[in-house]
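J.:
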Amino acid sequence: MNYAKKVDVLLGLQWGDEGKGKLVDWFADQYDIIARFQGGANAGHTIIIDGKKYILHLIPSGVLRGKIVLIGMNVVVDPIVLVEEMKALEAEGIPIKDRLKISDGANFVLPTHRWLDKAIEKSMGESKIGSTLKGIGPAYTDKVSRNGVKIGLVNDLDEFHARYKALKAKNMGDLKNFPIVDFDIVTEEEKFFRAIQYLLDLEIVETSNWVHEQLAAGKKILAEGAQGTLLDIDWGTYPYVTSSNTCTAGVCTGLGVSPKQIGKVIGVVKAYASRVGYGPFPTKLTDKTGEQLQTIGQEIGATTGRKRDCGWIDLPLLRYAIRLNGVDKIIVTKVDVLDSLETIYVCTHYEYEDREIDIWDPAIPLSKVIPIYQEYRGWQQPTTGIKELAMLPDALRHYVFDVFENQLGIEVVGICNGADRDDYVDACRTLYPKIETTEVVST
Ligand code: IMP
Ligand code: MG
58 MNYAKKVDVL
68 LGLQWGDEGK
78 GKLVDWFADQ
88 YDIIARFQGG
98 ANAGHTIIID
108 GKKYILHLIP
118 SGVLRGKIVL
128 IGMNVVVDPI
138 VLVEEMKALE
148 AEGIPIKDRL
158 KISDGANFVL
168 PTHRWLDKAI
178 EKSMGESKIG
188 STLKGIGPAY
198 TDKVSRNGVK
208 IGLVNDLDEF
218 HARYKALKAK
228 NMGDLKNFPI
238 VDFDIVTEEE
248 KFFRAIQYLL
258 DLEIVETSNW
268 VHEQLAAGKK
278 ILAEGAQGTL
288 LDIDWGTYPY
298 VTSSNTCTAG
308 VCTGLGVSPK
318 QIGKVIGVVK
328 AYASRVGYGP
338 FPTKLTDKTG
348 EQLQTIGQEI
358 GATTGRKRDC
368 GWIDLPLLRY
378 AIRLNGVDKI
388 IVTKVDVLDS
398 LETIYVCTHY
408 EYEDREIDIW
418 DPAIPLSKVI
428 PIYQEYRGWQ
438 QPTTGIKELA
448 MLPDALRHYV
458 FDVFENQLGI
468 EVVGICNGAD
478 RDDYVDACRT
488 LYPKIETTEV
498 VST
C-alpha cells in the first residue's frame, strides 16, 4: 500500500472563530479539493472579498475559489441550510451544484433535532452549554445511538421516508421529557422536504473511495476544520464542547483516510482568545479591554449573532492543542485588533493545587486554575494594509515571534492584519531574520 498521497489539514487551536474561513479561502489556491470533515451548520466562516461579506456554515470555504468541495462523513447536514447557502452563492454568480460532493454517510439534521436542541437547552437553566441551536447535539446523539438518517438514503426514497418517520417519532417522544418551546414543525418539515428535492441533483459519494481516487489522480486535498480544538467532544473543555472531533484525528474518521495519510497540519490562532457560549475561560477579560477587543474584533457570532467573550492568549491550552493536532505551522490572525493596546498579556502557565501547569489536560479543571501572565509592549499604530513583514512594527513582530515561535516552538508562516481576503502578511521565517527576545518584561 502506498501512503505517500496525503491530506493536509487546517484547523483552529482555540474555541473556534480563529479566522479559519478566510485562511481556507486563501490557501485554497494551492489545493484542488477542500473538505469539511466534522460539525454542521453550527460553524460560521466569514470571508470578506473586496468589502463584500460571505458567511458559510456548511459549504467548505474553498468554494469561493472555484474549487471542488466535499462534505465529509462526520458532518451533520441540515438540508435547509445547505440549500439556502447554495442558492445564495448562485445568486452571487458562484454556481456550485457541480462542484459540491456529499458523503453518503453524513447524517441529516432533522427539524426535530433543532426543536430538541432548543428544548434541552431550556431544561438546563444555569448549566446550559450555550449551543448554537442548530440541532447539532441531538443529530450526533441519534447518529451514535444508531438512529441516524444518512444522506445516502435519498437514493432510495421509500427507505429514506421510513427512516425519517421513525426518527421523527423517536424525537417527538423525547421532546415530552423537556420544557415546551416554540417550534413550527409543519413549516420546518415543508422546508426540509423541499430542500431534499434539491439535494437529489447533487453527487453523493462513497467517501473513502472517492477521496482515495482523487489522491491517486494527484489531486491535492485540504481538510477544513470547523469550531476549534478546545470544543472537541473528547479532548475539549467537556461538557462545554460541540459534539464532534474537531482535532486532526477527526480528519481520518471524517474523510476515510488513515493516520499515515495526514500531511501538513496548519494551526490557526487568533492573536487573542475568544469564546462564545458557556464554559470556563481562564484568561477572559471582564473589563474595558475585553469590551474593546470584542468591538474592534467584531466578535459577534457569525451563526448566532451572540457576543463572544474575549481574553488573552493562553499558552498551556495552545501547547496542548499543538501536541494533540500535530501542528507543523501556525498562522496568527487578527493582530490588527490589538493595534491600540499599550500592553498585551500572555498567560505562560497556570498555578493549580501547588503545581505549575505548562500544558493543559482535560483532567485539569479550567475553572480552578490561576493564569500567570507575561507582559508584552503594544505597538499602538494601525497595521491593516501593511504587506511586508519588515514593515510591521517591531513590537508586533516581537509579540508574534516570541509567543508563537520562541515559546511554542512552531514556525509562524502567516500573519493576518485585517478582515479582507488580502489583509495578509507572509511571515515565513526564511524571509526575515530571527527576532531577539530581550524586550519582554515578566510580571
Ligand atoms: P453546538 O455545537 O451548537 O452544540 O454548541 C456547543 C458549543 O460550541 C457552544 O458553546 C457553541 O457556542 C460552541 N460552538 C459551536 N460551533 C461553534 C463555532 O463554529 N465557533 C465557535 N463556537 C462554536
Ligand atoms: Mg465562526
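According to the numbering used here, the sequence shown holds residues 58 to 500 in order. Backbone N, C-alpha and C fix where the C-beta goes; we use that ideal spot for every residue, glycine too.
1) Expressed to the nearest angstrom, what Euclidean distance is found between the alpha-carbon atoms of VAL66 and GLU410?
2) Count the other CB atoms within 10 Å of the CB of GLN437; is the residue buried (16 or more) or exposed (fewer)?
3) In the structure shown, what three-state DSSP assignment does SER315 receive?
4) Do you know offhand how far TRP172's Cα is from ILE193's?
5) Taking only three categories from DSSP, how would you classify THR103?
6) Does at least one heavy atom of ligand 2 sit under 7 Å from the Cβ of ALA100?
7) Looking at TYR297 and GLY336, is the spacing between their C-beta atoms short of 8 Å?
8) Is any heavy atom of ligand 1 found at a distance shorter than 7 Å from the C-beta of ASP74?
9) Excluding the five sequence neighbours on either side, which residues of its own chain have a C-beta within less than 7 Å of the C-beta of SER424, listed in chain order?
10) What residue range is occupied by the uninterrupted alpha helix (DSSP H) comprising THR286?
11) By Cβ distance below 6 Å, which residues in the same chain neighbour LYS124 in space, the five residues on each side in sequence not counted?
12) Less than 7 Å separating the Cβ of SER202 from some heavy atom of ligand 1?
13) Could you tell me if GLN87 is buried or exposed, where buried requires 16 or more neighbouring beta carbons within 10 angstroms of its beta carbon?
14) Say whether the stretch 112-120 touches the stretch 228-248, bearing in mind that this needs 3 or more beta-carbon pairs closer than 8 Å, one atom from each stretch.
15) Return the chain-ordered ranges of every alpha helix (DSSP H) run that is complete within the stretch 70-136 and spans a minimum of 4 residues.
16) Is the beta carbon of PRO339 sitting closer than 8 Å to the one on TYR295?
17) Roughly how many whole angstroms lie between the Cα atoms of LYS185 and LEU272?
18) Which residues bound the alpha helix (DSSP H) around GLU270?
19) Run through DSSP, which three-state label would VAL66 get?
20) Can you find a CB in chain D that lies within less than 8 Å of the CB of ASP215?
21) Applying the 10 Å Cβ sphere with the 16-neighbour rule, what's the burial state of THR500?
22) Can you tell me which of SER300, TYR255, LEU80, VAL81 puts its alpha carbon nearest to the alpha carbon of VAL187?
23) LYS185: beta carbon under 7 Å from a heavy atom of ligand 1?
24) For ligand 2, any of its heavy atoms closer than 7 Å to the Cβ of ALA359?
25) Hey, would you say the C-beta of GLN119 is under 7 Å away from at least one heavy atom of ligand 1?
26) I want to check one thing, is the minimum distance from the CB of GLY336 to the heavy atoms of ligand 1 below 7 Å?
27) Can we count GLY283 as close to ligand 1, meaning its CB is less than 7 Å from some heavy atom?
T.: Looking at the coordinates:
1) Going from the Cα of VAL66 to the Cα of GLU410 covers about 36 Å.
2) By the 10 Å Cβ count, GLN437 comes out exposed.
3) Assigned with DSSP and collapsed to three states, SER315 falls in coil, not helix or strand.
4) Each residue's Cα considered, the two are about 11 Å apart.
5) Correct three-state label for THR103: strand.
6) ALA100 Cβ: within cutoff of ligand 2.
7) Yes, the Cβ-Cβ distance between GLY336 and TYR297 is below 8 Å.
8) Yes.
9) PRO337, listed in sequence order.
10) If you look at THR286, you'll find it isn't in any alpha helix (DSSP H); DSSP assigns it neither H nor E.
11) Excluding positions up to five away in sequence, the list reads ALA85, ILE91.
12) Distances taken from the Cβ of SER202 to the heavy atoms of ligand 1 include none shorter than 7 Å.
13) That one is exposed.
14) As far as the Cβ criterion goes, the stretch 112-120 does not touch the stretch 228-248, which means the pair count is below three.
15) For the stretch 70-136, whole alpha helix (DSSP H) runs of length 4 or above, ordered along the chain, are 77-84.
16) Judged by their CB atoms, PRO339 and TYR295 are not nearer to each other than the 8 Å cut-off.
17) One C-alpha to the other measures close to 42 Å.
18) Per DSSP, GLU270 belongs to the alpha helix (DSSP H) from 264-273.
19) Residue state for VAL66 is assigned as strand, using DSSP reduced to three classes.
20) Reference to chain D is not applicable here, since this structure consists of a single protein chain.
21) Only weak support is given to the placement of THR500: the predicted model assigns it a pLDDT of 39, under 50, and the question is left unresolved by the model.
22) Note that residue 187 is Gly in the sequence shown here, rather than Val. Residue SER300 is the option with its Cα nearest to GLY187.
23) Using a cutoff of 7 Å, the CB of LYS185 does not count as near ligand 1, since none of the ligand's heavy atoms is closer than that.
24) Correct: ALA359 has its Cβ closer than 7 Å to ligand 2.
25) First, the residue type needs correcting, since residue 119 is Gly and not Gln in the sequence shown. Incorrect: GLY119 has no Cβ contact closer than 7 Å to ligand 1.
26) Checking every heavy atom of ligand 1 against the Cβ of GLY336, one is found closer than 7 Å.
27) Here residue 283 is Ala; the residue named in the question, Gly, does not match the sequence. Yes - ligand 1 has a heavy atom lying nearer than 7 Å to the Cβ of ALA283.
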